[in-house]
Amino acid sequence: MVPATPPFASVPTHRPTYTGRVRRLWASPAVRIGASIAVATGLYGVSFGALAVASGLSVPQTMALSLLMFTGGSQFAFIGVISGGGTGSAAFGAATLLGLRNAVYGTQINRMLKTRWPLKLAAAHVTIDESTATAVGQEDPDEQRRGFWVAGVGIYVLWNAFSLLGAILGGALGDPARWGLDGAAVAAFLGLLWPRLKGREPVAIAVVCALVTVLAVPHLPPGVPILVAGLVAAVWGWISHGRADEGLEPDVDPYPSDGHGPTDPTHGEVR
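Quick note: the sequence shown, position 99, residue 99 per full-length UniProt numbering, numbers continuous.
As structure tokens, this is what we get:
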């Protein structure tokens with residue numbers, strides 16, 4: 001009589017090791033792209049931290065702004081208005097105008113992730129140019145989710161860590177005017193804007209908005225001219241292009257023309 005075989009005796013149980021799981025995760029193109037963009041973008045947080053302190057914010061204020069606002073272009077706009085003598089409300093208004101596109105990204109990301117509360121709140125907070133670009137660059141739904149979370153969470157952690165480092169180092173410099181940093185926030189923002197001036201229309205919009213700002217400065221309180229210029233740009237874009245059928249395209253393209261890897265991840269850091 002053949003002895004009974006114990007249940008599941010012939011079924012080997014091979015649990016994946018931690019190293020194996022990491023290797024499989026790193027094999028994902030979306031994970032690799034998201035991680036590379038997170039590192040490059042996160043390092044740029046040093047400049048924000050230093051410039052925020054140079055603009056008059058304390059280290060705790062700098063970190064609160066970075067942790068809660070978390071959209072680089074808006075953060076630089078905020079400290080640019082503050083350093084120019086603008087009010088908090090004007091700085092907040094300028095930052096909000098620049099951050100509105102993230103709400104449009106959110107409609108796309110919501111369809112991709114299909115998350116539930118409270119994870120939906122976390123997804124909304126890390127919906128920026130880079131995380132959206134990494135997600136929409138994938139065809140597989142699982143890859144879209146991986147790319148979004150790796151890029152979004154990775155940038156959030158590294159950006160804020162390096163912002164803290166920059167704020168501490170910036171505070172040690174003393175008087176910003178002594179080092180020529182009193183106008184550095186504006187210069188940094190222009191550095192982020194300049195790569196986007198491709199084609200006649202973006203250049204024309206930039207020139208018109210610059211003229212509007214210059215003409216408005218003598219007549220309006222500090223910080224308000226940039227709001228007026230932002231509204232001019234928004235109206236121009238609305239009239240010129242109308243309502244987009246598929247939402248805004250993110251500012252970061254994670255793929256080159258051959259589709260085999262990330263482009264320069266430092267390009268498109270206005271978040």
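Heads up, the beta-carbon is just placed ideally off N, CA and C, and yes, glycines get one too. All figures in this text were calculated on a predicted structure; none of them were measured in a lab.
Through-space distance from L231 to S79, alpha-carbon basis: A small fix is needed here, since residue 79 is Ile in this sequence, not Ser. Put simply, the backbone Cα of I79 is about 19 Å away from that of L231.
Give the straight-line distance between the Cα atoms of D142 and W149, rounded to the nearest whole angstrom. If I take the Cα positions, the gap works out to 11 Å.
Between the stretch 96-104 and the stretch 65-77, do at least 3 Cβ pairs fall closer than 8 Å? Contact annotation: the stretch 96-104 touches the stretch 65-77, with at least three C-beta pairs closer than 8 Å.
What first and last residue would you give for the alpha helix (DSSP H) that runs through W149? Start and end: 141-172.
Assigned secondary structure, F76 (DSSP; H/G/I helix, E/B strand, else coil): F76 carries a helical assignment under DSSP once its states are collapsed to helix, strand and coil.
In or out: S66 buried (at least 16 other Cβ within 10 Å) or exposed? Buried is the call here.
Would you call G147 buried or exposed, if buried means 16 or more other Cβ atoms sit within 10 Å of its Cβ? Buried is the label assigned to G147, since at least 16 other Cβ atoms lie within 10 Å of its Cβ.
Take A229 as the anchor and find which of P221, T107, W238, A206 has the nearest alpha-carbon. Here the closest residue by C-alpha is A206.
What residue does the alpha helix (DSSP H) around F48 start on, and which one ends it? That run of the alpha helix (DSSP H) goes 45-54.
Apply the 10 Å Cβ neighbour rule to D140 and answer buried if 16 or more other Cβ atoms are within range, or exposed otherwise. Answer is exposed; the Cβ neighbour count stays below 16.
Start and end of the alpha helix (DSSP H) containing K120? Bounds of the alpha helix (DSSP H) holding K120 are 119-125.
Let's test the definition: count the other Cβ atoms within 10 Å of the Cβ of L227 and tell me whether it reaches 16, buried, or not, exposed. By the neighbour-count definition (other C-beta atoms within 10 Å, threshold 16), L227 is a buried residue.
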